[in-house]
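Novice: Going line by line, the protein sequences match chains A and B. Read in order, the letters of the first sequence correspond to residues 1 to 370 in our numbering. Read in order, the letters of the second sequence correspond to residues 1001 to 1235 in our numbering. Would you mind keeping the following structure in view while I ask a few things?
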Amino acid sequence: MGEGLEQLSHVSDRAGVGAGMIPRWVAPCVVVAFAFVMYASGGFVGDYASRVMLDTGIMMIAAVSLTIVNGFTGQFSIGHAAFMAIGGYVSGWLTYYGLLATLGRTTDLGAEHGWLLLPAAIIGGLAAAGAGWLVGLPSLRLRGDYLAIVTLGFGEILRVLLQQTDRQRFSSQEMSEVGLLGLIVPPDVGGASGFESIPKLTNLAWVYLMVGAVILFAIRLKYSSYGRAMLAIREDEIAAESMGVNVTRMKVRAFMFAAFFAGVAGTLYAHQPGTLLRPADAGYARSFDIVIMVVMGGLGSISGATLAAIVVSLLNVGLLELADYGAMKWRMPIFALLLILIMIFRPQGLFGLREIWDFFRSRDRTGGGR
Amino acid sequence: MLLSVHDLDVHYGAIQALSGVSLEVEAGQIVTLIGGNGAGKTTTLRAISGMIRPTRGRVMFDGREITSTPAHALVSRGLCHVPEGRGIFANLSVSENLDLGAYCRHDRLGIAEDRERALELFPRLRERLKQNAGTLSGGEQQMLAIGRALLSRPRLLLLDEPSLGLAPQLVQLIFTIIREINGTGTTVLLVEQNAHMALAVAHRAYVLQTGRVVKSGPARQLLEDPDVKKAYLGG
């Protein structure tokens, strides 16, 4: 590839690659570096702070992944927590019963088991992506609000189904009594009382490595021809089709990518210290939290969704301080009011379709996102 | 024949929009479909490019049947449809819009050449490459829609009402450019309300009325036809 061609070609003036901007690999590098600092520090920031950072990181993964569907392709999914739950339950089932069968225990694990999180996250992600394919294929063929209705329904159905699952087995004897098939149909994940004692494999380093991975993936996607096709679908489906974009296939792919990372986030959530995985985790309340972050971030802005995840998570935690003043009952009203105010003053979200690094470039995109 | 349409019926629910439409487009020509509102011009284009399924009839493109082939699969075969209302991607830059035109192609060198050619055809777009396409004027958006379509290197370009809502000088410019595009070997099937301009640039024309072809012939001949004059050319 010669110099001259590079100049002629469209790559040089594509949005986000202009000269003088922060290269886009910087953001994930910062996150990965941060993950290693977390790892080295051994969580010296304290239990409470590191717990907040864990939760925030998991929400960042959820919000960035949902951006791929709701932001890039402009479809409206409101069942993201369901895909997190699938990832969490599937990977949790595997690590819990796997360790129970081999070690005879799932707690007090040494550092040598830490690597287990990676295959767990990949399998959790794949399970969620598979579910995404099943849900997305029929509903994404249609235009309009069908996806919102189907994803909402999917989350609720999953929640109810999870309530009907079998009780959890707590020893290897019990496991051998029911047999492998008995553990699977219906899955012995605790039903309405929740799935407990999932191995505590999640730590800050894993979470922020995954945050780095999803951000890197989303950025690479957004500026690829694939991602541009997704943005085109959001802008005008008929025109995208007439450019040769296979609209349905592209929407389903975006949906599966998002579900995969939701599954990863769910895996991290399930393996977090002190988590009881409950059927309600698949329900709409959690899904809406994620939608709020994506909308607040600007529906299509990766950095916006990341920042919004941080803002919303910290706001939630910060308002807990109200307890000190005996004003705990005001927590949710204040939270809601703040969200309303943000939407009044920034209806396009924090960044619109733009990314944080677009603000460091000359402002030649006069439209400035929407 | 580059494109031939045989006996096409299209229904929207119970309503029949096209009945027995047949037409042919010879390679290298500009062929226009004219007719009033609701005559079925846009429907014909949409049925050809696979955006809607005809209930009867066949569409042949370059010797192969493409009836009901979805629109996205036709782009790489050389058939590109510029839909009515331009369909530009408002929140993407002009440059990104052009990139999407070449979505189905992978020959970087050829894409760069075609991009340069499109920008020569529409110098206005070059000045606005980094601007969001939604900030362009109506005329510029139409230029972008056509320029973007050219990046797919179509053999047959379907244009739906390119002059819609444009100032007279711009209409003139767009038609000049359509002729220029045709001069470089691209066949054009043009749908127009502006029958006068369309007949002036086209080689052949079909007149549609309530979903049927009522007249066809060389464009010059239709321009002189008393019925066409009366119905579509204002006297």
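All C-beta atoms, glycine included, are put in the ideal place defined by N, C-alpha and C.
Exposed or buried, what is valine 189 of chain A when buried is set at 16 or more other beta-carbons lying within 10 Å of its beta-carbon?
Specialist: In the first sequence, residue 189 of chain A corresponds to position 189, counting from 1. The residue is buried, with at least 16 neighbouring Cβ atoms inside 10 Å.
Novice: Could you give the distance in angstroms between the alpha-carbon of leucine 1008 of chain B and the alpha-carbon of valine 247 of chain A?
Specialist: Your numbering for residue 1008 of chain B matches position 8 in the second sequence. Your numbering for residue 247 of chain A matches position 247 in the first sequence. Between leucine 1008 of chain B and valine 247 of chain A, the C-alpha separation is close to 26 angstroms.
Novice: Would you tell me roughly how many angstroms separate the C-alpha atoms of methionine 21 of chain A and serine 303 of chain A, rounded to the nearest one?
Specialist: Counting from one through the first sequence, the residue named residue 21 of chain A turns up at place 21. Counting from one through the first sequence, the residue named residue 303 of chain A turns up at place 303. Unreliable placement is indicated for methionine 21 of chain A, whose pLDDT of 48 sits below 50; the coordinate value is still reported in the next sentence. Taking the straight line joining both Cα atoms gives about 15 angstroms.
Novice: Out of B:Leu1222, B:Val1207, B:Gly1139, state which residue places its alpha-carbon closest to the alpha-carbon of valine 1021 of chain B.
Specialist: Walking along the second sequence from the start, residue 1021 of chain B turns up at place 21. Comparing Cα positions, the closest option is B:Val1207.
Novice: How would you label tyrosine 96 of chain A, buried or exposed, when you count the other beta carbons within 10 angstroms and need 16 or more for buried?
Specialist: As a working mapping, residue 96 of chain A is identified with position 96 in the first sequence. Buried is the call here.
Novice: Please tell me whether tyrosine 1103 of chain B has its Cβ less than 8 angstroms away from any Cβ of chain A.
Specialist: Your numbering for residue 1103 of chain B matches position 103 in the second sequence. For tyrosine 1103 of chain B, the answer is yes, since a Cβ of chain A falls inside 8 angstroms of its Cβ.
Novice: What separation, rounded to the nearest whole angstrom, lies between the Cα atoms of threonine 1135 of chain B and leucine 1144 of chain B?
Specialist: Against the second sequence, residue 1135 of chain B aligns to sequence position 135. Against the second sequence, residue 1144 of chain B aligns to sequence position 144. Answer to the nearest angstrom: the Cα atoms are 12 angstroms apart.
Novice: Using the Cα positions of glutamate 1065 of chain B and arginine 141 of chain A, report the straight-line distance between them to the nearest angstrom.
Specialist: In the second sequence, the residue the question calls residue 1065 of chain B occupies position 65. In the first sequence, the residue the question calls residue 141 of chain A occupies position 141. Going from the Cα of glutamate 1065 of chain B to the Cα of arginine 141 of chain A covers about 24 angstroms.
Novice: Short of 9 angstroms Cβ to Cβ, which residues in the region 1052-1083 of chain B face chain A?
Specialist: Pro1070, Ala1071, His1072, Ala1073, Leu1074, Val1075, Ser1076, Cys1080, His1081, Val1082, Pro1083
Novice: DSSP three-state label for methionine 21 of chain A, please.
Specialist: Within the first sequence, the letter at position 21 stands for residue 21 of chain A. Confidence at methionine 21 of chain A is low in this model, with a pLDDT of 48, below 50, so its placement is unreliable and the value that follows should be read with caution. Three-state DSSP puts methionine 21 of chain A in coil, outside helix and strand.
Novice: Which same chain residues, not among the five before or five after phenylalanine 1122 of chain B, have their C-beta less than 6 angstroms away from its C-beta?
Specialist: For this step, residue 1122 of chain B is matched to residue 122 along the second sequence. Counting only Cβ-Cβ distances below 6 angstroms, and skipping sequence neighbours, we find Met1143, Gly1147.
Novice: Would you decide whether glutamine 1169 of chain B is buried or exposed? Buried here means 16 or more other CB atoms lie within 10 Å of its CB.
Specialist: Against the second sequence, residue 1169 of chain B aligns to sequence position 169. The residue in question, glutamine 1169 of chain B, is exposed, as its Cβ has fewer than 16 Cβ neighbours within 10 Å.
Novice: Give the straight-line distance between the Cα atoms of glutamine 173 of chain A and tyrosine 48 of chain A, rounded to the nearest whole angstrom.
Specialist: By one-based count along the first sequence, residue 173 of chain A stands at place 173. By one-based count along the first sequence, residue 48 of chain A stands at place 48. If I take the Cα positions, the gap works out to 37 angstroms.
Novice: Are the region 144-163 of chain A and the region 232-248 of chain A in contact at 8 angstroms, needing three or more beta carbon pairs?
Specialist: no
Novice: Measuring straight from C-alpha to C-alpha, what distance separates proline 1226 of chain B and glutamate 1024 of chain B?
Specialist: Numbered from 1 along the second sequence, position 226 holds the residue referred to as residue 1226 of chain B. Numbered from 1 along the second sequence, position 24 holds the residue referred to as residue 1024 of chain B. Going by the C-alpha atoms only, they are around 24 angstroms apart.
Novice: Run through DSSP, which three-state label would threonine 1067 of chain B get?
Specialist: Stepping through the second sequence from its first residue, residue 1067 of chain B is reached at position 67. Three-state result, threonine 1067 of chain B: coil.
Novice: Mind checking if glycine 244 of chain A is an interface residue toward chain B, Cβ cutoff 8 angstroms exclusive?
Specialist: As a working mapping, residue 244 of chain A is identified with position 244 in the first sequence. Closer than 8 angstroms to some Cβ of chain B, the Cβ of glycine 244 of chain A qualifies, so yes.
Novice: Does the beta carbon of alanine 254 of chain A come closer than 8 angstroms to any beta carbon on chain B?
Specialist: As a first step, residue 254 of chain A is located in the first sequence; it is residue number 254 there, counting from the start. No, alanine 254 of chain A does not count as interfacial toward chain B.
Novice: Where does histidine 1196 of chain B fall in DSSP's three states?
Specialist: As a first step, residue 1196 of chain B must be located in the second sequence, where it is residue number 196. Helix, per DSSP.
Novice: Please list the segments of the alpha helix (DSSP H) lying wholly inside the region 118-166 of chain A, counting only runs of 4 or more residues, in order along the chain.
Specialist: 146-163
Novice: Which full runs of the alpha helix (DSSP H) of 4+ residues lie inside the region 318-362 of chain A, going along the chain?
Specialist: 331-345
Novice: Compare the C-beta of asparagine 1182 of chain B with all C-beta atoms of chain A and state if any pair is closer than 8 angstroms.
Specialist: Reading the second sequence from its first residue, position 182 is the one you call residue 1182 of chain B. It does not: the Cβ of asparagine 1182 of chain B has no partner Cβ on chain A nearer than 8 angstroms.
Novice: What residues match up with leucine 1233 of chain B in a beta bridge as DSSP calls it?
Specialist: Against the second sequence, residue 1233 of chain B aligns to sequence position 233. Beta-bridge pairing links leucine 1233 of chain B to no other residue.
Novice: Determine the direct distance from the alpha carbon of tryptophan 357 of chain A to that of leucine 1018 of chain B, and round the result to whole angstroms.
Specialist: Counted from its first residue, the second sequence places residue 1018 of chain B at position 18. Counted from its first residue, the first sequence places residue 357 of chain A at position 357. Whole-angstrom Cα-Cα distance: 51 angstroms.
Novice: Which residues, taken in chain order from the region 204-234 of chain A, show a beta carbon closer than 9 angstroms to some beta carbon of chain B?
Specialist: Ser225, Arg228, Ala229, Leu231, Ala232, Arg234
Novice: Does the pairing of the region 1177-1189 of chain B with the region 1209-1220 of chain B give three or more beta-carbon distances under 8 angstroms?
Specialist: no
Novice: Indicate whether histidine 113 of chain A and leucine 204 of chain A have their beta-carbon atoms separated by less than 8 angstroms.
Specialist: Numbered from its first residue, the first sequence carries residue 113 of chain A at position 113. Numbered from its first residue, the first sequence carries residue 204 of chain A at position 204. No. Outside cutoff.
Novice: When you compare only the Cα positions, how much space is there between leucine 152 of chain A and methionine 293 of chain A?
Specialist: Taking the first sequence and counting its residues from 1, the one referred to as residue 152 of chain A is at position 152. Taking the first sequence and counting its residues from 1, the one referred to as residue 293 of chain A is at position 293. Roughly 17 angstroms separates the two Cα atoms.
Novice: Straight-line CA distance for serine 1137 of chain B to alanine 1167 of chain B?
Specialist: Numbered from 1 along the second sequence, position 137 holds the residue referred to as residue 1137 of chain B. Numbered from 1 along the second sequence, position 167 holds the residue referred to as residue 1167 of chain B. Whole-angstrom Cα-Cα distance: 11 angstroms.
Novice: May I ask you to report which of helix, strand or coil DSSP gives valine 185 of chain A?
Specialist: For the purposes of this step, residue 185 of chain A is taken as residue 185 along the first sequence, with counting starting at 1. It is coil, neither helix nor strand.
Novice: With distances taken Cα to Cα, identify the nearest neighbour of leucine 1158 of chain B among B:His1006, B:Val1082, B:Gly1013, B:Ile1174.
Specialist: Position 158 of the second sequence, counted from the first residue, corresponds to residue 1158 of chain B. The shortest C-alpha separation from leucine 1158 of chain B is found at B:Val1082.
Novice: Residues of chain B with a CB under 8 angstroms from the CB of isoleucine 238 of chain A: which are they?
Specialist: Here residue 238 of chain A refers to the residue found at position 238 when the first sequence is read from its first residue. When 8 angstroms is used as the limit between beta carbons, isoleucine 238 of chain A is near these residues of chain B: Met1051, Pro1083, Gly1087, in chain order.
Novice: By the 10 Å Cβ neighbour count, where 16 or more other Cβ atoms means buried, how is cysteine 1104 of chain B classified, buried or exposed?
Specialist: Within the second sequence, the letter at position 104 stands for residue 1104 of chain B. Classified as buried, cysteine 1104 of chain B has 16 or more neighbouring CB atoms from the shown chains inside 10 Å of its CB.
Novice: What are the residues that DSSP puts in a beta bridge with arginine 1204 of chain B?
Specialist: For the purposes of this step, residue 1204 of chain B is identified with residue 204 of the second sequence, where counting begins at 1. Answer is B:Val1031, B:Pro1218.
Novice: Of all the residues that make up the region 1149-1171 of chain B, which are near chain A by a beta-carbon distance shorter than 7 angstroms?
Specialist: Ser1152
Novice: Do glycine 88 of chain A and aspartate 289 of chain A have their CB atoms nearer than 8 angstroms?
Specialist: Here the question's residue 88 of chain A lines up with position 88 in the first sequence. Here the question's residue 289 of chain A lines up with position 289 in the first sequence. No, these two residues do not count as a Cβ contact at 8 angstroms.
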